[in-house]
Structure formats: C-alpha cells, structure tokens
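For the sequence shown, position 143 (counting from the first letter as 1) is numbered 143 according to the UniProt record's numbering, and the numbering increases by one without interruption. Comments concern the structure below.
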Amino acid sequence: MPMYQQQQGNSCSSEQHALQNGDVDPAVKALEARQDEILRKLYELKAAVEGLAKTVTTPDADLDLTVSSSLSSQSSTALFTGTTDLDALLGKDLGALRDIVINANPAQPPLTLLVLHRLLCERYRVLSTVHVHSSVSSVPPQLLSCLGPRHPDSHSRHMFQLGFTLIWKDVPKLQMKFSVRNMCPIDGEANVARFLFKLLAPYPSEPALATLVDSWVDAAFFQLAEGSSEERAAALRDLGSALGRSAWLSGPELSLADVACYCCVLQSGSAPSAPANVRRWIKSCDNLGYFSHAKTLLQ
Numbered sequence: 001m002p003m004y005q006q007q008q009g010n011s012c013s014s015e016q017h018a019l020q021n022g023d024v025d026p027a028v029k030a031l032e033a034r035q036d037e038i039l040r041k042l043y044e045l046k047a048a049v050e051g052l053a054k055t056v057t058t059p060d061a062d063l064d065l066t067v068s069s070s071l072s073s074q075s076s077t078a079l080f081t082g083t084t085d086l087d088a089l090l091g092k093d094l095g096a097l098r099d100i101v102i103n104a105n106p107a108q109p110p111l112t113l114l115v116l117h118r119l120l121c122e123r124y125r126v127l128s129t130v131h132v133h134s135s136v137s138s139v140p141p142q143l144l145s146c147l148g149p150r151h152p153d154s155h156s157r158h159m160f161q162l163g164f165t166l167i168w169k170d171v172p173k174l175q176m177k178f179s180v181r182n183m184c185p186i187d188g189e190a191n192v193a194r195f196l197f198k199l200l201a202p203y204p205s206e207p208a209l210a211t212l213v214d215s216w217v218d219a220a221f222f223q224l225a226e227g228s229s230e231e232r233a234a235a236l237r238d239l240g241s242a243l244g245r246s247a248w249l250s251g252p253e254l255s256l257a258d259v260a261c262y263c264c265v266l267q268s269g270s271a272p273s274a275p276a277n278v279r280r281w282i283k284s285c286d287n288l289g290y291f292s293h294a295k296t297l298l299q
C-alpha cells in the first residue's frame, strides 16, 4: 500500500509538473473542441435562418418566383487593394453573411451594379442569386445569368461573406435593402453604386477629390442616362475634356466615376458619336475585363 500511494503521488506530481510546463489537460482539450463544434453549428444555423428570413419575411421576395442562384468566384488578383475588412466597414456579425437585396427593372438593367458585383467577387466570397418577381412576365436569359454561373456550394450560406440578391421586378426606380433585420432602403442606382463601391475602396480623403467623384457620378445618371440630347452632348464634351488631361476621370486609377460614366455612355447609345478621348477611354475600360459582361447585356 505505501508503494501504491507513492506511485500515485508520483503520477499526480508528474501531471502537475506537465500542466505547469504549459501542457493542456486532455479533458480541457476535448471540451474546447466540443465547444468549437457547437459554435460552428450555431453559426451555420444562424446563416440558414438569415437566408430563410430573406426569402420569407422580405416583402419583395415573393414565394412565386422563378429562381436562378449563382456565384461569381474570386480571382487571384483584385483591382482595388484598399480596405477589405467587412467587420470594420459594416460591423461584426459572426456566422452570418451580409445580405444585399436589390430590386431592379429588367427594362433598365443596372450596368453599374453588375460591374461592381464583378469587382466585389474579386475581393470577397459572394453568394449571388437572381430572382424574377411575379410582377414581371418574362426576363431575357442573359439577365437571369447576369451574375455568373451557379456555384456548387451555394446552399452553404455560412461559407460566404456577402449575399448579393438581384430581383428583377417592375419597379420605377432601383432600390437596395441591406440587412434583412434592419431593412434600410437605398433608392437610385447612383446611391446604391456609392454604397457598393465603398466596400471595395474608401472614397478619397481629400474633399475636393471626393466631390469630383460625386459630380461625375451625378453627371452620369442625370445627364448621360436621363438628360436631354443637349445635356448628354454637354456631358460628353466634359468627359472628352477631362480625359484629355488624365487617363481616368478622378486621378491615376479607375474609380466609381469611371464605372458610372462608362455604363451610362454605353446605355445611352452615345459611344459611337463620342469624342476621340472618350472612345479611347472606353477601350481602356474594356481592356480591364470587368465591363465586358455588362456590355453584352446591351447587345
């Protein structure tokens, strides 16, 4: 008996010595692993509930939809290398992707948003889905596949960072709702484009440069897209003048100003008669590859 007590004492002493040296008790390891697995399943459940909530409780996502789910995969390089932390931009929300739901009229495809979607897919893991609302009788096939091919993991929402849902609907003006719970609406393609671009790169810190970007975005939608023939001609002259001084509209790199103006020039049908500088700039945009899919929607 004394010998057994001595052996037991040595065993306890060795365990205490091991724990003091930084080793973790196997029971604690097993408990931590079990806790991690429970948290993982909770995050997956939360993501699934968020997805159901978007479909069931969002009034714009009717149950009698024709649905086509898709995802555009990330590429190895990204045009914008600024802020990439969604938690810093949108707040921390473990286990659930951030849902962006956009209502758009198929008679006026939002080319700017489709270009920004391509850029977002290079920065984040984006779960992209296209729906057809019951208020629309039919949608051309190219609009149903405008966000890219279906991804095999599209059923696992927890694997993605952003949810990008485009609903083709008979609406007078494009509208975006971000976050199913808060349902904060943003009206107008220009305002939605500003929101999405800030997920790619911060706006210029210099007030004058930020104002320049905003002024070009306004000119794109209010003059090039919606203006009279005189207003469109004046905007094209301004574009030609600005692009004679710089390769891009607001500095040495592509910005939201270029994305908005490019899409509105093409959608208005003004490209063939545009000044030489504008035509050269259009080719520069085409060479980047991000605009090519949006361009095919007009053909």
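The beta-carbon is built from N, C-alpha and C at its ideal position, and this holds for glycine as well.
Whole-angstrom distance between residue j and residue i, CA atom to CA atom
i	j	result
D214	A257	7 Å
Q142	V192	22 Å
P207	N277	27 Å
A190	P172	15 Å
F195	K29	44 Å
C264	T112	8 Å
V115	N287	14 Å
A225	D36	52 Å
H117	Q223	24 Å
S205	L212	12 Å
K295	L147	13 Å
E230	Q108	22 Å
Residue i, DSSP secondary structure in three states
i	result
C261	helix
H133	coil
C121	helix
P207	helix
A30	helix
N105	coil
P185	strand
S255	coil
Start-to-end residues for the alpha helix (DSSP H) that takes in residue i
i	result
C285	A276 to L288
A294	S292 to T296
Enclosing beta strand (DSSP E) for residue i [first to last residue]
i	result
R232	First-last for R232: S229 to R245, but that is the alpha helix (DSSP H), not the beta strand (DSSP E).
Q142	It is not in any beta strand (DSSP E) - Q142 instead sits in the alpha helix (DSSP H) that spans P141 to L144.
K177	Q175 to F178
F160	Element bounds for F160: n/a, residue is neither H nor E.
Close beta carbons around residue i, own chain, < 6 Å, minus the five adjacent residues each side
i	result
G244	N277
L239	V278
Using 8 Å as the Cβ pair cut-off and three pairs as the minimum, do the segment 122-140 and the segment 221-234 touch?
no
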